[in-house]
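Notes to accompany the following structure.
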Amino acid sequence: MTSLPELTFTWDRPANHVGRVVLAGNIVHTNADELLRVVTDLLSDDPGLRELRLDCAGLDICDSRGLSTLLMLRRHTESLGLDLRIVNRPLALDRMLERTGTSEYLITDRAMRQDREPSG
């Protein structure tokens with residue numbers, strides 16, 4: 001059996017009010033919960049943030065559990081009033097988001113989505 005590379009991630013603050021998680025490896029069922037826990041802990045420890053960037057340049061595989069984790073991170077950042085930006089997405093991730101109909105929700109920032117919502 002071939003084993004998949006583990007997920008590694010680093011945290012930094014590239015700009016004022018911006019946090020960045022740089023991902024490398026795979027977001028899969030064996031590590032997705034850990035990613036969610038660590039990122040939510042980092043966000044709770046840094047209340048001055050306005051934006052979270054997930055840098056996916058080093059991401060190889062994202063399975064259905066990984067996609068679920070990205071959706072949970074989107075909901076969590078929205079509940080905190082933060083923008084989530086998933087940047088440097090590999091083509092395979094973009095294809096998955098398109099196929100699952102989650103692309104607009106995960107990639108469009110909060111302000112743009114609110115502008116399109118019907119008032120009522």
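full-length UniProt numbering puts the first residue of the sequence shown at 1, with every later residue one more than the last.
Each residue gets a CB set at the ideal place from its N, CA and C atoms; glycine is no exception.
Every value quoted in this text rests on a predicted model; they were computed, and no experiment measured them.
Residue interval of the alpha helix (DSSP H) (run including residue i)
{"i": "E78", "result": "S64 to S79"}
Residues of its chain near residue i, where Cβ-Cβ distance is below 8 Å and the 5 sequence neighbours each way are ignored
{"i": "S68", "result": "A32"}
{"i": "M1", "result": "Its pLDDT being 47, under 50, M1 is placed unreliably by the model, and nothing is read from it."}
Close beta carbons around residue i, own chain, < 7 Å, minus the five adjacent residues each side
{"i": "V39", "result": "V21 and L73"}
{"i": "L36", "result": "T69, M72 and L73"}
Short Cβ contact (8 Å threshold) for residue i with residue j
{"i": "E51", "j": "R85", "result": "yes"}
{"i": "G58", "j": "A24", "result": "yes"}
{"i": "L43", "j": "I27", "result": "no"}
{"i": "L97", "j": "L91", "result": "no"}
Per DSSP, the bridge partner or partners of residue i
{"i": "D41", "result": "Note: D41 sits in no beta bridge, so no partner."}
{"i": "I107", "result": "Looking at the DSSP assignment, I107 forms no beta bridge with any residue, so it has no partner."}
{"i": "L52", "result": "G19 and L84"}
{"i": "residue 127", "result": "The requested residue 127 is not part of the displayed model; the chain covers only 1 to 120."}
{"i": "T100", "result": "None; T100 has no bridge partner."}
Sequence-distant residues of its chain with Cβ nearer than 6 Å to residue i (five each side left out)
{"i": "V87", "result": "R53 and D55"}
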